[in-house]
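Sequential numbering of the sequence shown, starting at 10, is according to the working numbering.
Idealized CB from N, CA, C, for every residue including glycine.
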Amino acid sequence: MTVISIIIPVFNAEKYLKRCVDSVIKSLRDSSGEILLIDNDSSDDSLALCREYAKKYPKIVSVLQCHTPGAAAVRNFGVSKAKGEYVWFIDADDWISDDAVTKLVTSANKTEADIEMMGAERVYPDGHRDYLSPVSPDEPDYKSRFVRYGMGPWQVMVRRKWWLDNGFAFKEGFIHEDMEMMSALILYTDKLASVNEPLYFYSQNDESVLHQKKFNSHIFDIFPALEGLYQRFTEAGAEQKYHDELEWFFIWNLLIDSAKDFGQFPEGHPGFQRSREMLKKYFPEWRKNRFLREKPLKLQIRVRLNYKK
């Protein structure tokens with residue numbers, strides 16, 4: 010039986026791929042698992058490197074090719090080919106700890122979790138690191154924090170049958186594909202577990218799709234992503250129950266995170282107007298948000314200034 014399928018989208022990742030795959034192979038040493046290296050029409054030597062790994066580790070490494078562009082399409086394709094009881098999406102420029110797989114699988118088996126979350130470290134080019142603590146089911150009102158968290162797909166291992174039974178899939182064609190879905194996962198299960206240790210290392214390299222030095226119109230993908238997320242909560246009948254959480258999620262992503270991209274390039278300035286329109290549509294009383302009021306005054310002022318730009 011294959012316990013875990015680790016899906017790694019690969020696109021021009023030659024520079025980082027060895028570090029990533031070596032860490033996964035080492036972490037799988039005590040577990041039955043498979044690594045799906047899925048090349049997305051790379052123009053460098055990534056595909057050749059993937060094939061070298063498959064020759065060296067034929068029992069655990071498979072090389073597939075997905076010709077539909079984007080990480081969303083690759084992840085969806087990977088799930089369709091996976092055989093493991095659990096699925097974990099790992100980015101090719103990141104890496105995991107030696108004991109990550111063992112700890113995650115042990116915890117998930119013990120708790121029968123559908124979602125197993127882990128701690129992670131963001132690793133910056135200068136060597137600085139900061140810790141991203143996971144949501145724990147032992148926390149009071151843990152689902153509230155899960156909705157507000159804004160995690161990437163790489164910070165959770167999920168039960169494959171549960172994922173498929175609920176029809177989950179990343180929306181293809183835009184870069185905020187994870188935002189459109191991840192916070193809604195908790196609406197479909199009470200079986201959450203977590204390991205509060207840094208098992209995943211998230212590289213903050215300047216070459217990633219979210220750290221562009223030139224204007225990319227995909228920064229506006231934030232708008233359909235948030236609309237899609239709100240629609241998921243509406244379909245689940247949970248938009249009122251989690252009104253404050255969703256409101257804060259919109260505030261953070263529109264007036265703090267994406268505002269940096271909108272302001273960086275002249276072509277991005279229309280994003281400020283679109284942010285105002287979106288907040289007026291979904292959360293016209295956003296200034297009263299209880300989570301915003303808990304934040305330092307400096308951040309509250311920053312939010313209000315970004316709204317007026």
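No residue range can be given for A245, since it is assigned to no alpha helix (DSSP H) and is classified by DSSP as neither H nor E.
M160 is the residue among D102, E148, M160 and Y151 whose C-alpha sits nearest the C-alpha of M127.
For D270, there is no enclosing beta strand (DSSP E); the residue is found in the alpha helix (DSSP H) stretching over S267 to Q273. Sixteen is the threshold: when 16 or more other Cβ atoms of the shown chains lie within 10 Å of the Cβ of P162, as they do, the residue is buried. Straight across, the Cα-Cα distance linking S41 with D174 is about 23 Å. The C-beta separation of M191 from E125 comes to about 14 Å, leaving the pair out of contact by the 8 Å criterion.
Taking all protein chains in view, the Cβ of G176 is surrounded by fewer than 16 other Cβ atoms within 10 Å, so the residue is classified as exposed.
In the three-state reduction of the DSSP assignment, P233 falls in the helix class. Note that the C-beta distance between H76 and D50 is below 8 Å. DSSP places Q213 in the coil class of the three-state scheme, outside both helix and strand. Inclusion of G87 and I16 in the CB contact set at 8 Å is warranted, their separation being smaller than that value. In its chain, beyond the 5 residues on either side, A202 have a beta carbon closer than 6 Å to the beta carbon of T120. By the criterion of a C-beta distance shorter than 8 Å, E181 is surrounded in its chain by T77, G79, A81, A82 and N85, once the five residues flanking it on both sides are discounted. Per DSSP, reduced to three states, the secondary structure at F98 is strand. L314 counts as exposed, since fewer than 16 other C-beta atoms from the protein chains shown sit within 10 angstroms of its C-beta. Going by DSSP, S14 is part of the beta strand (DSSP E) stretching over I13 to V19. A Cβ-Cβ distance of about 12 Å is found for the pair E23 and L46, leaving them out of contact under the 8 Å criterion.
For the 8 Å CB-CB criterion, K112 and L235 do not form a contact. Of the residues H185, H227 and L255, the one whose Cα lies closest to the Cα of Y239 is L255. Between V30 and S116, the beta carbon gap of about 24 Å keeps them out of contact (Cβ cut-off 8 Å). Y62 counts as buried, since no fewer than 16 other beta carbons sit within 10 angstroms of its beta carbon. Counting along the chain, the unbroken beta strand (DSSP E) around Q74 starts and ends at V70 to Q74. Apart from the 5 residues on each side of it in sequence, Y211 sits with its Cβ closer than 6 Å to the Cβ of D103, A129 and R131 in its chain, given in chain order. Only residues of its own chain outside the window of five on either side were considered, and among them L201 have a CB closer than 6 Å to the CB of P146, listed in chain order.
Assignment of beta-bridge partners to L201 by DSSP yields I124. Across the structure, S153 and W172 are spaced so that their CA atoms are roughly 21 Å apart. Beyond the five residues adjoining it in sequence on each side, R285 comes within less than 8 Å, by CB distance, of Y316 in the same chain, given in chain order. The criterion of a C-beta distance shorter than 8 Å is not satisfied by V72 and D54.
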